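Heads up: the sequence shown at position 84 corresponds to 84 in the UniProt record's numbering, and the numbers run straight through without jumps.
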Amino acid sequence: MTSRSPAEANRLLAIHGADPARWPAPDRALIEAVDPAARAAQARLDQSLAAFESPPLPMHLRTAILAAVRADSQSRRAAWRAALLALWHELGGARVAAPVFALALAAGIGLGSGLMPATGPGDGIDDLLTLALIDDTYLALAPDWSGNVP
Numbered sequence: 001m002t003s004r005s006p007a008e009a010n011r012l013l014a015i016h017g018a019d020p021a022r023w024p025a026p027d028r029a030l031i032e033a034v035d036p037a038a039r040a041a042q043a044r045l046d047q048s049l050a051a052f053e054s055p056p057l058p059m060h061l062r063t064a065i066l067a068a069v070r071a072d073s074q075s076r077r078a079a080w081r082a083a084l085l086a087l088w089h090e091l092g093g094a095r096v097a098a099p100v101f102a103l104a105l106a107a108g109i110g111l112g113s114g115l116m117p118a119t120g121p122g123d124g125i126d127d128l129l130t131l132a133l134i135d136d137t138y139l140a141l142a143p144d145w146s147g148n149v150p
């Protein structure tokens, strides 16, 4: 037996029951410290609880529980929407967002057009065409005089 008291053994008996297999492995040695009358009473209680069968759940109660769960999940979603809407209004709403969006759009268009590379053919295109025309197999790649590639 370990150095723990019989009161601790009785407490474990009330928690885990009279069957030593239900007790945690380190505490199983304490079962000898339990009052035999208390252990017998706990064994009778364990047998009564094991023999008890819970009645089936009434259908209306099951339906009410499932409806409450659905309503709770919908109310949580509504609460998130309300919280985000309150934050949107607290931060200024469209009064602040519209000018910021317009500034971001203007900056994007300005930077995009200012940093865009030249789209027309550069001086290097003539070198590539000359190289392509050295061999007759690449004549199909040469543009016609209108500038369209066949």
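Virtual Cβ for every residue (Gly too), placed ideally from N, Cα, C.
In this text the structure is predicted, and so the values were computed from the model without any measurement.
Can you give the beta carbon distance from D27 to L13, rounded, assuming they're within the 8 Å contact cut?
As a first step, residue 27 is located in the sequence shown; it is residue number 27 there, counting from the start. As a first step, residue 13 is located in the sequence shown; it is residue number 13 there, counting from the start. About 10 Å separates the two Cβ atoms, so there is no contact after all.
Can you grab the Cα-Cα spacing for the pair A106 / M116, in whole Å?
In the sequence shown, residue 106 corresponds to position 106, counting from 1. In the sequence shown, residue 116 corresponds to position 116, counting from 1. In this model, A106 and M116 are separated by some 15 Å (Cα to Cα).
Assuming contact is defined by CB atoms lying nearer than 7 Å, are G17 and Q47 in contact in what I supplied?
Residue numbering aside, residue 17 sits at position 17 when the sequence shown is read from its first letter. Residue numbering aside, residue 47 sits at position 47 when the sequence shown is read from its first letter. No, the Cβ-Cβ distance between G17 and Q47 is not below 7 Å.
How big is the Cα-Cα spacing for A64 and Q74?
As a position in the sequence shown, residue 64 is number 64, starting the count at 1. As a position in the sequence shown, residue 74 is number 74, starting the count at 1. For A64 and Q74, the distance between alpha carbons rounds to 15 Å.
Can you tell me the Cα-Cα spacing of L91 and G110, whole angstroms?
Working through the sequence shown from its first residue, we reach residue 91 at position 91. Working through the sequence shown from its first residue, we reach residue 110 at position 110. Each residue's Cα considered, the two are about 27 Å apart.
Anyone know if the C-beta pair for L30 and A7 falls short of 7 Å?
As a working mapping, residue 30 is identified with position 30 in the sequence shown. As a working mapping, residue 7 is identified with position 7 in the sequence shown. When the beta-carbon positions are compared, L30 and A7 stay at least 7 Å from each other.
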